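Trainee: There's a structure below that I have some questions on.
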Amino acid sequence: MYIPTEVEKVLFTEEQIKERVAAMGAQITRDYAGKNPLFIGVLKGAAVFFSDLIRRVECSLEIEFLRASSYAGTNSTGEVTLDVSAVPDIKGRDVVLVEDIVDTARTLSVLKKYLLDMSPNSVKVACFLDKPSRRVVEGFSADYTGFEIDDLFVVGYGLDCDQKFRNLPYIGIYHG
Ligand code: IMP
Ligand code: MG
Numbered sequence: 038m039y040i041p042t043e044v045e046k047v048l049f050t051e052e053q054i055k056e057r058v059a060a061m062g063a064q065i066t067r068d069y070a071g072k073n074p075l076f077i078g079v080l081k082g083a084a085v086f087f088s089d090l091i092r093r094v095e096c097s098l099e100i101e102f103l104r105a106s107s108y109a110g111t112n113s114t115g116e117v118t119l120d121v122s123a124v125p126d127i128k129g130r131d132v133v134l135v136e137d138i139v140d141t142a143r144t145l146s147v148l149k150k151y152l153l154d155m156s157p158n159s160v161k162v163a164c165f166l167d168k169p170s171r172r173v174v175e176g177f178s179a180d181y182t183g184f185e186i187d188d189l190f191v192v193g194y195g196l197d198c199d200q201k202f203r204n205l206p207y208i209g210i211y212h213g
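Okay, so the sequence shown: first residue is 38 according to our numbering, each after it adds one.
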């Protein structure tokens with residue numbers, strides 16, 4: 038298995054991830070039966086989780102992507118940059134916003150508010166990882182969460198450090 042020197046430890050294996058994502062997909066399938074939700078992935082970090090998750094959701098659905106960034110290296114800059122040019126009209130739609138990780142929750146709270154202003158029927162958030170101890174936006178939580186983790190910087194399964202390590206099939210703890 039390819040483990041770069043910057044990865045200190047594997048936190049979640051490919052097998053553990055597969056099992057958890059399947060359970061999330063099953064829960065979403067139950068919640069959206071008979072509906073046609075629009076899954077919106079937040080690029081680039083959510084790309085890997087997004088493609089695994091949607092293939093575990095067994096109902097009619099559509100997909101879109103938007104782009105957001107707030108990190109430089111392993112530091113949250115606190116400034117959220119959004120490119121929402123690809124967001125379609127979501128009026129009356131049931132939206133599932135898919136993110137890689139909730140950290141301070143600045144990104145997701147800005148995004149959710151932006152989407153709610155477009156009068157959708159509902160907006161729920163599916164997040165692969167959650168670092169509750171890092172929260173800056175009080176009270177923000179995802180509707181579907183893969184795993185809660187401590188205050189660690191992690192890479193792999195779509196998550197990067199300076200654009201690298203997104204290709205690792207597991208979640209690894211990064212050390213600089
Ligand atoms: P937030 O706005 O602080 O919640 O930041 C969320 C974004 O920061 C995520 O979408 C990730 O792109 C990035 N991020 C936060 N923690 C990590 C991490 O441990 N590894 C890689 N990216 C992270
Ligand atoms: Mg991200």
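Idealized CB from N, CA, C, for every residue including glycine.
Bear in mind that the values here come from a model prediction, so they are computed numbers and not experimental data.
Report back the beta-carbon spacing between T118 and A105 to the nearest angstrom; my notes put them in contact at under 8 Å.
Mentor: Within the sequence shown, the letter at position 81 stands for residue 118. Within the sequence shown, the letter at position 68 stands for residue 105. That pair is a contact at about 7 Å.
Trainee: Only counting the same chain, and skipping five residues up and downstream in sequence, which positions put a Cβ closer than 7 Å to that of G62?
Mentor: On the sequence shown, position 25 is the one that residue 62 refers to. Correct list, in chain order: L90, R93, V94.
Trainee: Return the first residue and the last residue of the alpha helix (DSSP H) that A84 is part of.
Mentor: Your numbering for residue 84 matches position 47 in the sequence shown. Looking at the DSSP string, the run of the alpha helix (DSSP H) that includes A84 is 84-91.
Trainee: Closest to P74 by C-alpha separation, out of V162, G195, L205, Y194, would be which residue?
Mentor: The residue labelled residue 74 in the question sits at position 37 within the sequence shown. P74 has its Cα closest to that of V162, out of V162, G195, L205, Y194.
Trainee: Taking the C-alpha atoms as reference points, what is the distance between E99 and T144?
Mentor: Mapped onto the sequence shown, residue 99 falls at position 62. Mapped onto the sequence shown, residue 144 falls at position 107. Those two C-alpha atoms are separated by around 23 Å.
Trainee: What separation, rounded to the nearest whole angstrom, lies between the Cα atoms of E101 and L134?
Mentor: Looking up residue 101 in the sequence shown gives position 64. Looking up residue 134 in the sequence shown gives position 97. Each residue's Cα considered, the two are about 10 Å apart.
Trainee: Do R203 and A84 have their C-beta atoms closer together than 9 Å?
Mentor: In the sequence shown, the residue the question calls residue 203 occupies position 166. In the sequence shown, the residue the question calls residue 84 occupies position 47. A contact, by the Cβ cut-off of 9 Å.
Trainee: Is V140 near the ligand IMP, going by C-beta to nearest heavy atom under 8 Å?
Mentor: Mapped onto the sequence shown, residue 140 falls at position 103. Per the sequence presented here, residue 140 reads as Asp, with Val not at that position. At least one heavy atom of the ligand IMP is nearer than 8 Å to the Cβ of D140, so yes.
Trainee: Starting from the Cα of D197, find the closest Cα among F76, A60, G213 and give me that residue.
Mentor: In the sequence shown, the residue the question calls residue 197 occupies position 160. Comparing Cα positions, the closest option is G213.
Trainee: Could you check whether the Cβ of C96 sits closer than 8 Å to any heavy atom belonging to the ligand IMP?
Mentor: As a first step, residue 96 is located in the sequence shown; it is residue number 59 there, counting from the start. Outside the cutoff, so no.
Trainee: I'd like the list of long-range same chain contacts for L153, defined as Cβ closer than 7 Å, with 5 residues on each side in sequence excluded.
Mentor: Position 116 of the sequence shown, counted from the first residue, corresponds to residue 153. Residues V160 of the same chain have their beta carbon placed closer than 7 Å to that of L153, with the five preceding and five following residues left out of the count.
Trainee: Leaving out five residues on either side along the sequence, give the residues of the same chain with a beta carbon under 6 Å from the beta carbon of S170.
Mentor: Taking the sequence shown and counting its residues from 1, one reaches residue 170 at position 133. Excluding positions up to five away in sequence, the list reads D188.
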